[in-house]
Structures are given as C-alpha cells and as structure tokens.
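Chemist: In my numbering, the protein residues as written are 5 to 652. We treat Cβ as the ideally placed atom computed from N, Cα and C, and that holds for glycine.
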C-alpha cells in the first residue's frame, strides 16, 4: 500500500474545498457532498471558515484510491493565510493546483505555482467550474501556458462548455507526458519495459471538470493514482519528520501534526525534551490511534509539549551511524517571506489583559509567524500580519475560543535594521561603571541576507560555566529584536570576545552569597548594554519591505496608471502595451489594489509578493520600544536594578 500526501492549492474561490468534498465522495468516505455556501464541508471546521466560506486553517483528511492511501491537505487560498500554505507545502509529495475556468489564472495562483516549481513538487492542474457561464477552454490553456508554465499537457476535452450539462471526456496524451520522463524515455531507447509514467516538476497535466457536478473527476482521480509519485519509503535511519500544524485538543493538550520522512516514531520515544504519549495516523477517512507513525505517513502526536510549527522532529538513536544525516533535506523546505505588517491587540476589558496575552501565546504556538511582542508599559501586545483579513480571524478566534473581546490599533509596516559595519564593546567585572559581576565583550558584523543571527566565541569555552554562555547567547537573540530604531536586526554575526566572572563564594558557615558571586542574571542584565553599544558603533540603516508587482490592464489605461505608480513610490521596471511590472513599497500595495480598478474600468489585475528589503527613503521610522532601553544606560540600570532588588 503506497502513500501520497497530496495538497490542494489555489486562489481563493477557485473551488479547492468543493474539490476536496467531491474527492471524498468519490472515494466513499462521505455519503453526501458538503457545501461551502452552507458551511457543511468536512475540512472547514472553524465557525469563521463556515461563515465566510473561506479556508483559514489547513486540514487533513485521508482516503483510499485503489491500492494507494491519499492524505489530502486542503489549504487556504486567501493571500492573508499564505503561511498556512507554506506549512502544507513542506509535507507534500504532489499537488493539485485548481484554476477557475471563468476567472482563470489569478494573482495568488501564480504565487503558489512559482513556489511549487521552486520546491519541485509534481503538480496536476485542475480547471474547475466548466459548468459555469463564461467558462473557457482554448484561451485558458494559452493563459496557463503563459502565466504558469509552457510545459502543459491537456488531458481533457469539454462538450457543452459553460452549461450545467457540460460533459468532460478523456483526451490523455501519454506520449507527450512520456517526453518529459527521463526514465520512460531511457527504457524506450534501450528497448526494455518502461516504468510507470510519473509527473515531474517540469510538466503539468491539465484536467478540466466541475467539482459541483462531478464532471471530469474520474479522469482526475486516475491521474492522481497513475501520475503522481508516492511518498518515498525510508525506513532506515533515525526517525525524522516535520511538524506542520499545532492545535489544542479537547482537554487543552497540544497536538502536533507530523509528516514522517524517515524511520518510525513510537509511543514513549523521546524527542528532544519531550516524550511521545500518543499517536493517531490518518487513514481511511479518520485519524486512528496506533503505536507508531512511519516514513511517508501523516499523523497527530501527543506529548510534544515544546513543539512549534515548522520544527524538524529528530529522534537520535544510540546505534545511529555517525554518517547518517541528522535532518533529511525535505525537513528543510522553506518558502514564503514572513509577514510585513504589525498591529496591536488590545483587550476591551482591562481585567482581561493577562488572559489576552495567554491566549495569543497559545495562538502563536499554532502560527509562530504572528511574532508576539509584549509592551509591558503600555499593556499592549503586538502581532504580525499578512493582511487585514487576519485581524478578523484573530478577533473571532479570541471571542469564540477564549471569550475575549478585543480591538486593534492601525496596522503599520514592519521594517528591519541592517548593520552598516563592524562594531565592538566590552565591560569588565568589578570595573566601573559596570554594576554586574560579569565580563562581556561582543563584536557585531553584518551577515548575509537570510542568514539570521549567529553567535560565536573567541574565548575559551571552558573559561566560564556553560550556563553563563547560554545566558549571553539567549539574551543576544532577544536584544536584537529591537535595534537602534526599535526594529529587528535579523541578519547579524555576533562574537563573544571577552568573558569573566566571580566564582561562587559564601561567608563562613553561610549559604551562597549572590552579592559576591556571578549568576546567569548578571550576564543577562549586562549583555543588552554591551550589545547595543557595539551596534551603535557599527551603525544601522532602516529598511522597508519591497514587493515585486505585475499589473495587467487594458492598453489604453496604462497612461492613467503610471502617474499613480509614481505617487505611490513604485518603480516600473518593465512596460508592455498591457502589462506594467516593477517594485513597490509594501506599505503602498493596499492603496494600489484599491485604486487600480477605478483607473482600468474594473479590468486591472494586480499580483504582488514580497521580494526584498530596501533602505527607507527620507527619515527613518522609529518603532516604540518594549522593556528597559539599553540605549539609555541610566534609565536601563534604574529599571533593571530595581527589578532585581539590587542597590541603585
């Protein structure tokens, strides 16, 4: 029995969830097809999903097609929930990209298609809604070839296109598919039996049909079984997988959705600090309790209290070969950029501020990209967003699951800071003006974009207790969340150049004397002062997120759109009679989306995606800081020493 972990992806309203319902019905998992409009689908289980008719959280459902078990993952299509799509892509063996026969290839369709190509995920294209008025065939194939990939192979023909009675008949061209399969071509040349044709990432079979009427579904099912490659079986090696979703069970316990890539994970296995207490594997329409989850399977695991979305789960065996890779390449997949917007969430009732923070912390387990930021002084919590629709989701979730009413401040753009050069600073133990029993020297330097924050040592690792080094490293990461202007410093190489401490001491016949002996708290308190002094000497520049955009419009409206782009700070890089593409600050994308229809008679289509960060033109924006400010030494020491109960 082979396994296929299959994703359904598309622009919002293309019919992903309806297709999921139809496939479940075809496989015999459900007797009646649910309706998105009526809120009765299997995979949209949240009340808000049912009310809005959109998918917000990825859902997994399993069924059998012949000798193959299919774990079907229904993913969101709205751009605001692109992080959910990212997590689904990390566990897929194949995908179905759904395109509406009426609306055609839309902005989000292209964003997802580019990512599927980059991750080399074999993909079938399903053109849905052939029964709707305005459905297209030939021109739509041309559009798919131009906007998604020229390597497409039509597998269907449609009679009665655009009518309720539309019929789909097979027109599979296996010879054209074989042209893209090196193994099949090699077998043909060598005059030996050819292996089954499998879809490679370079070619896309295109099926037409209707998820509502069922037209063309049998051909699509045949393509799923025959053309998409099954999950590889890698039984050897330490158990390894990827956590792509986290939720809370009925009793409040954490449930981690896990795709296994290698080996087997058993109940009572130890993974990091946690011990597995229960496993349920998806099979035959349900998640069934079992003792183990093996390579290729998807399941829900209990007991992983420290699990976070995106974590690679590794269980190191005592007998594992040292040459065995600790993390399989598949667990390292990554895609979409982090969110570029931020807003403050404020409890409607002051007494519920603590409960609000606890609830948001729990939601952050399910979606770490919301990046919680607590401001204790103003009693506010900030979350990161992809778009305004996420505000409604957060608000509804807090109300329905936690009974909390909230409001939001105006959404702002998330900037970052980048070091301009190299800077260093040091403070010595028992040397004024350092009030802490610690010696810390740090040097900072710019790191390549995307490298993250690294921490290294130029001192002997044995020169201090490991706990002191750990305190410095942890505090370095925390401090760099707010640079000189209050924005994160995401790419920075930090090296510890000096270290020292006061050994454990006590008075005669007395207990440990903290006033004479260094503690990890001394290193946590001193690190921000030294680090920000080094950052100040290096200097930083504030950068804003820039989106790459592509706008299609009637040729006669281009002259009216170009001045708008100029006013919004966009830079056109390429212009054709009906297409303008270029770069635009992320903060101006919403304004362009809002104003483009009026200038193009409602025919303008805009697609945009984060591309890079660029220095802010004009004065650098400043974000309000949270916590003690190490840039102001006097104020910082007053607050830290007062908090620690030490003499000031």
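Does the segment 353 to 372 come within contact of the segment 390 to 404, defined as at least 3 CB pairs closer than 8 Å?
Modeler: yes
Chemist: Considering residue 461, what are the terminal residues of the beta strand (DSSP E) in which it resides?
Modeler: Taking the chain shown and counting its residues from 1, one reaches residue 461 at position 457. Start and end: 457 to 461.
Chemist: DSSP three-state label for residue 590, please.
Modeler: Within the chain shown, the letter at position 586 stands for residue 590. The three-state reading of DSSP puts residue 590 in helix, counting H, G and I together.
Chemist: To the nearest angstrom, how far is it from the Cα of residue 444 to the Cα of residue 457?
Modeler: The residue labelled residue 444 in the question sits at position 440 within the chain shown. The residue labelled residue 457 in the question sits at position 453 within the chain shown. Spanning the alpha carbons of residue 444 and residue 457 requires a straight line of approximately 18 Å.
Chemist: Three or more C-beta pairs under 8 Å: does that hold for the segment 527 to 541 against the segment 561 to 578?
Modeler: Because the criterion of three Cβ pairs below 8 Å is not met, the segment 527 to 541 and the segment 561 to 578 do not touch.
Chemist: Taking the alpha helix (DSSP H) that residue 223 belongs to, which residues open and close that run?
Modeler: By one-based count along the chain shown, residue 223 stands at place 219. Run containing residue 223: 221 to 231, per the alpha helix (DSSP H) assignment.
Chemist: Taking the straight line between their C-alpha atoms, what separation do you get for residue 586 and residue 619?
Modeler: For the purposes of this step, residue 586 is taken as the residue at position 582 of the chain shown. For the purposes of this step, residue 619 is taken as the residue at position 615 of the chain shown. So the alpha carbons of these two residues sit roughly 17 Å apart.
Chemist: By a C-beta neighbour count over all protein chains shown, 10 Å radius and 16 as the cutoff for buried, is residue 346 buried or exposed?
Modeler: Locating residue 346 in the chain shown gives position 342, where the first residue counts as 1. Buried, by the Cβ-count rule.
Chemist: Here's the rule I'm using: 16 or more other beta-carbon atoms within 10 Å means buried, otherwise exposed. How should residue 326 be labelled?
Modeler: As a position in the chain shown, residue 326 is number 322, starting the count at 1. With a pLDDT of only 44 at residue 326, under the threshold of 50, the placement of this residue in the model should not be trusted; the figure read from the coordinates follows. Exposed, since its Cβ has fewer than 16 Cβ neighbours within 10 Å.
Chemist: Using a Cβ distance threshold of 8 Å, determine whether the segment 21 to 36 contacts the segment 212 to 224, with at least three qualifying pairs required.
Modeler: yes
Chemist: Are the CB atoms of residue 535 and residue 501 within a distance shorter than 9 Å?
Modeler: Residue numbering aside, residue 501 sits at position 497 when the chain shown is read from its first letter. Residue numbering aside, residue 535 sits at position 531 when the chain shown is read from its first letter. Cβ distance not < 9 Å, so residue 501 and residue 535 don't count as in contact.
Chemist: So, for residue 245: in the same chain, excluding its five sequence neighbours on each side, which residues have a beta-carbon less than 6 Å away from its beta-carbon?
Modeler: Looking up residue 245 in the chain shown gives position 241. Cβ within range, chain order: 262, 263, 264, 265, 317.
Chemist: Taking residue 228 as the reference, give the member of 143, 147, 129 with the closest Cα.
Modeler: The sequence position of residue 228 within the chain shown is 224, counting from 1. Among 143, 147, 129, the Cα nearest to that of residue 228 belongs to 129.
Chemist: In angstroms, rounded to a whole number, what distance separates the CA positions of residue 583 and residue 418?
Modeler: Taking the chain shown and counting its residues from 1, one reaches residue 583 at position 579. Taking the chain shown and counting its residues from 1, one reaches residue 418 at position 414. About 29 Å.
Chemist: For residue 296, which residues in the same chain have their Cβ closer than 6 Å to its Cβ, ignoring the five residues on either side in sequence?
Modeler: Sequence index remark: in the chain shown, residue 296 carries index 292 (1-based). 268, 270.
Chemist: On a CA-only basis, which of 301, 247, 152 is nearest residue 309? Give me that one, please.
Modeler: In the chain shown, residue 309 corresponds to position 305, counting from 1. For residue 309, the closest alpha carbon among the candidates 301, 247, 152 is that of 247.
Chemist: Just list the beta strand (DSSP E) runs in the segment 253 to 334, keeping only unbroken ones of 3 residues or longer that don't cross its boundaries, in chain order.
Modeler: 258 to 266, 268 to 270, 282 to 287, 290 to 294, 296 to 298, 302 to 306, 316 to 318
Chemist: Just verifying my parser: in three-state terms, what is the DSSP assignment at residue 133?
Modeler: On the chain shown, residue 133 is found 129 positions in, with the first residue counted as 1. Here residue 133 sits in coil by DSSP.
Chemist: DSSP three-state label for residue 384, please.
Modeler: Here residue 384 corresponds to residue number 380 of the chain shown, with the count starting at 1. In the structure shown, residue 384 sits in a strand (DSSP, three-state: E or B).
Chemist: By the DSSP assignment, the alpha helix (DSSP H) with residue 30 in it spans what residues?
Modeler: Working through the chain shown from its first residue, we reach residue 30 at position 26. First-last of the alpha helix (DSSP H) with residue 30: 20 to 30.
Chemist: Quick one: what does DSSP say residue 251 is sitting in, helix, strand or coil?
Modeler: Position 247 of the chain shown, counting from 1, holds the residue named residue 251. Strand at residue 251.
Chemist: Hey, out of 540, 544, 7, whose CA is closest to residue 233's CA?
Modeler: The residue given as residue 233 occupies position 229 in the chain shown. With distances taken between Cα atoms, residue 233 lies closest to 7.
Chemist: For the beta strand (DSSP E) containing residue 378, name the first residue and the last one.
Modeler: Walking along the chain shown from the start, residue 378 turns up at place 374. Unbroken beta strand (DSSP E) run through residue 378: 377 to 379.
Chemist: Just checking, does the segment 144 to 153 make contact with the segment 175 to 183 on the three C-beta pairs under 8 Å criterion?
Modeler: Result no; under three Cβ-Cβ pairs closer than 8 Å.
Chemist: Here's the rule I'm using: 16 or more other beta-carbon atoms within 10 Å means buried, otherwise exposed. How should residue 4 be labelled?
Modeler: The question about residue 4 has no answer, for the chain in this structure spans 5 to 652.
Chemist: Taking the alpha carbon of residue 239 as the point to measure from, which residue in 301, 258, 176, 203 has its own alpha carbon closest?
Modeler: Position 235 of the chain shown, counted from the start, is the residue given in the question as residue 239. Closest option to residue 239, Cα to Cα, is 301.
Chemist: Spatial neighbours of residue 408 within its chain, please: C-beta separation below 7 Å, excluding the five flanking residues on both sides.
Modeler: Residue 408 sits at position 404 when you count from the first residue of the chain shown. The residues are 351, 356, 359, 360, 363, 402.
Chemist: Under 8 Å, with one C-beta from each stretch per pair, do the segment 388 to 396 and the segment 426 to 433 reach the 3-pair mark?
Modeler: no
Chemist: For residue 503, report the span of its beta strand (DSSP E) as first-last.
Modeler: Residue 503 sits at position 499 when you count from the first residue of the chain shown. Per DSSP, residue 503 belongs to the beta strand (DSSP E) from 496 to 505.
Chemist: When we look at the beta-carbon of residue 42 and count the other beta-carbons within 10 Å, is it buried (16 or more) or exposed?
Modeler: Translated into the one-based positions of the chain shown, residue 42 becomes position 38. For residue 42, the predicted model reports a pLDDT of 45, less than 50, meaning its position is unreliable and no value from the coordinates is stated.
Chemist: Is the segment 464 to 476 touching the segment 485 to 493, taking contact as three or more C-beta pairs under 8 Å?
Modeler: Judged by Cβ distances under 8 Å, the segment 464 to 476 makes no contact with the segment 485 to 493, as fewer than three pairs qualify.
Chemist: Quick one: residues in its chain with C-beta nearer than 6 Å to the C-beta of residue 127, no 5 flanking neighbours on either side, listed in chain order?
Modeler: Position 123 of the chain shown holds residue 127. Excluding positions up to five away in sequence, the list reads 99, 101, 120, 208.
Chemist: Give the DSSP bridge partners of residue 431, in chain order.
Modeler: For the purposes of this step, residue 431 is taken as residue 427 along the chain shown, with counting starting at 1. In the DSSP output, where bridge partners are listed per residue, residue 431 has 444.
Chemist: State the DSSP-derived secondary structure class of residue 627, mapped to helix, strand or coil.
Modeler: Along the chain shown, one-based indexing puts residue 627 at 623. In this structure, residue 627 counts as coil in the three-state DSSP scheme.
Chemist: Please determine if the segment 597 to 610 and the segment 538 to 552 are in contact, where contact requires at least 3 C-beta pairs separated by less than 8 Å.
Modeler: Contact fails: fewer than three Cβ-Cβ distances are below 8 Å.
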